[in-house]
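Below is one structure, written out as structure tokens, with a few remarks after it.
Numbering (the numbering used here), first residue to last: 2 to 362.
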């Protein structure tokens, strides 16, 4: 029986050999952090996105935290996030002693709903973090208009969206800042790591300082801010350089697989495909399906018996016990997100899948 893994980093043998040589060179040189490889990656990724500044960091979570710190988010402030996302999006606000406010999502795109977002804006709202779930891009025109109307900063969580586009412009480049993840199962995979991007020189300079424990000059023990050890190391940068080189081909293969799934599932009565509008090109970090009839647990169990790995698509954050302990029980605020908790799941999709595996799924 064929066994199909949900996600897997893609490193062809030629890439592995290139990486091994670069790592060996870095070890011999003795520079394993804040070196030439990180500078090369930051420069190349800025060129790929068409942005002015890129800051490589230790994780996507670190990138979100630094982005909020760059905006001086603090106690008493509110940061609006979708309830349907990974916990890091909301935790970034908590790290700043701010309060995450959970926004419901659209029933068909599974993305932050702009109409519901606007109703949550208060005088305390300082930032909104839309999440491009699965690689599908949020309705950025609407979200940016809301941000402009209320003078609220927009930070894109593009952890799933390397190479995705909205109106032919790359995800992560619309807001004040954008943040990407290099976690091993992401579209671009390093041993871990993250990327913060912006066109603001002042934010870039501040975040570069904060990522390196508040130290501007490596030659001096002089610290001008209370910073963090959020550096991307040279090993991570070497892996990221190679992944960026492979990115166009990886996205092309991901889209081929997704389009094959679209053809297979579009007429199934019990399954609905995540809605992606024509002006959006997803890079398909995840292929998200919605089971409209039947029990999701039983359905996934049957797929597991066939050796097809699946995953539920995030539990609504406002239902997490830790947040309910901190902020009280949040009731009837995100009904769509709660409904999707029992219906949405992801199936295998990664560039290393063979046509045989795709057809088997």
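Don't be surprised by glycine CBs; every beta carbon is placed ideally from N, CA and C. These numbers were taken from a predicted model, which means no experiment stands behind them.
Under three-state DSSP, which class holds residue 228? If you number the chain shown from 1, residue 228 lands on position 227. In this structure, residue 228 counts as coil in the three-state DSSP scheme.
Quick check on the DSSP output: the beta strand (DSSP E) that includes residue 131 runs from which residue to which? For this step, residue 131 is matched to residue 130 along the chain shown. Premise fails: residue 131 is in no beta strand (DSSP E) and is neither H nor E.
By alpha-carbon positions, which one of 81, 249 and 308 ends up nearest to residue 120? The residue you call residue 120 lines up with position 119 of the chain shown. Checked all of 81, 249 and 308; the closest Cα to residue 120 is 81.
Taking buried to mean at least 16 other C-beta atoms within 10 Å of its own C-beta, is residue 315 buried or exposed? Taking the chain shown and counting its residues from 1, one reaches residue 315 at position 314. Residue 315 should be labelled buried.
Is it true that the stretch 23-38 meets the stretch 148-161, where meeting means three or more beta-carbon pairs spaced less than 8 Å apart? no
My output table needs one value for residue 184: the three-state DSSP class, helix, strand or coil. Within the chain shown, residue 184 is the residue found at index 183, counting from 1. Of the three classes helix, strand and coil, the one that applies to residue 184 here is coil, per DSSP.
Own chain, CB closer than 6 Å to residue 105, minus 5 neighbours either side, in chain order: Residue numbering aside, residue 105 sits at position 104 when the chain shown is read from its first letter. The residues are 114, 117, 335, 337 and 338.
I think residue 245 touches residue 49, with their Cβ atoms under 8 Å apart; what is that distance to the nearest whole Å? Here residue 245 corresponds to residue number 244 of the chain shown, with the count starting at 1. Here residue 49 corresponds to residue number 48 of the chain shown, with the count starting at 1. Right, their Cβ atoms sit about 6 Å apart.
For residue 83, the three-state DSSP class (helix, strand or coil): Working through the chain shown from its first residue, we reach residue 83 at position 82. Strand at residue 83.
Segment contact, 8 Å Cβ cut-off, at least three pairs: the stretch 267-274 with the stretch 321-331: Flag = no, the stretch 267-274 and the stretch 321-331 do not touch.
Backbone CA spacing between residue 41 and residue 242 [nearest angstrom]: The residue given as residue 41 occupies position 40 in the chain shown. The residue given as residue 242 occupies position 241 in the chain shown. Approximately 8 Å between the Cα atoms of the pair.
State the DSSP-derived secondary structure class of residue 219, mapped to helix, strand or coil. Here the question's residue 219 lines up with position 218 in the chain shown. DSSP places residue 219 in coil when its eight states are reduced to three.
Please give the ranges of any alpha helix (DSSP H) in the stretch 93-154, keeping only runs that are unbroken, at least 4 residues long and fully inside the region. 115-121 and 141-151
In the structure shown, what three-state DSSP assignment does residue 234 receive? Position 233 of the chain shown, counted from the start, is the residue given in the question as residue 234. Note: residue 234 maps to strand in three-state DSSP.
Considering only their Cβ atoms, is the gap separating residue 233 from residue 173 smaller than 8 Å? Numbered from its first residue, the chain shown carries residue 173 at position 172. Numbered from its first residue, the chain shown carries residue 233 at position 232. Cβ atoms of residue 173 and residue 233: not closer than 8 Å.
Buried versus exposed, by CB contacts within 10 Å (16 or more), residue 344: One-based indexing of the chain shown puts residue 344 at position 343. Buried, since its Cβ has 16 or more Cβ neighbours within 10 Å.
Three-state secondary structure (DSSP) of residue 381: There is no way to answer for residue 381, as the model of the chain reaches only from 2 to 362.
Going by Cα to Cα distance, which pick from 145, 358 and 177 is closest to residue 310? As a position in the chain shown, residue 310 is number 309, starting the count at 1. When only C-alpha atoms are compared, the closest one is 358.
Taking residue 278 as the reference, which of 18, 72, 289 and 138 has the closest Cα? Within the chain shown, numbered from 1, the residue matching residue 278 stands at position 277. Among 18, 72, 289 and 138, the Cα nearest to that of residue 278 belongs to 138.
Please list the segments of the beta strand (DSSP E) lying wholly inside the stretch 32-86, counting only runs of 3 or more residues, in order along the chain. 54-58 and 79-83
Can you tell me where the beta strand (DSSP E) holding residue 8 begins and where it ends? Residue mapping note: residue 8 aligns to position 7 of the chain shown, counting from 1. From DSSP, residue 8 is part of no beta strand (DSSP E); its letter is neither H nor E.
Rounded distance between the beta-carbons of residue 86 and residue 153, thought under 8 Å: The count along the chain shown starts at 1 and reaches residue 153 at position 152. The count along the chain shown starts at 1 and reaches residue 86 at position 85. The Cβ separation is near 18 Å, so there is no contact.
Under the rule that 16 or more other beta-carbon atoms within 10 Å means buried, what is residue 44, buried or exposed? For the purposes of this step, residue 44 is identified with residue 43 of the chain shown, where counting begins at 1. Classification of residue 44: exposed, given that the 10 Å Cβ count is below 16.
Element boundaries [beta strand (DSSP E), containing residue 285]: Position 284 of the chain shown holds residue 285. Where residue 285 is concerned, there is no enclosing beta strand (DSSP E), given that its DSSP letter is neither H nor E.
Give the range of the alpha helix (DSSP H) segment to which residue 323 is assigned. For the purposes of this step, residue 323 is taken as the residue at position 322 of the chain shown. 322-328 is the extent of the alpha helix (DSSP H) around residue 323.
Cα-Cα separation, residue 201 to residue 68: As a first step, residue 201 must be located in the chain shown, where it is residue number 200. As a first step, residue 68 must be located in the chain shown, where it is residue number 67. Residue 201 and residue 68: Cα-Cα distance of roughly 12 Å.
By alpha-carbon positions, which one of 260, 176, 324 and 219 ends up nearest to residue 287? Locating residue 287 in the chain shown gives position 286, counting from the first residue. Closest option to residue 287, Cα to Cα, is 260.
For residue 350, I'd like the list of residues in its chain whose CB is within less than 7 Å of its CB, leaving aside the five on either flank, ordered along the chain. As a first step, residue 350 must be located in the chain shown, where it is residue number 349. Around residue 350: 255, 258, 259, 285, 287 and 288.
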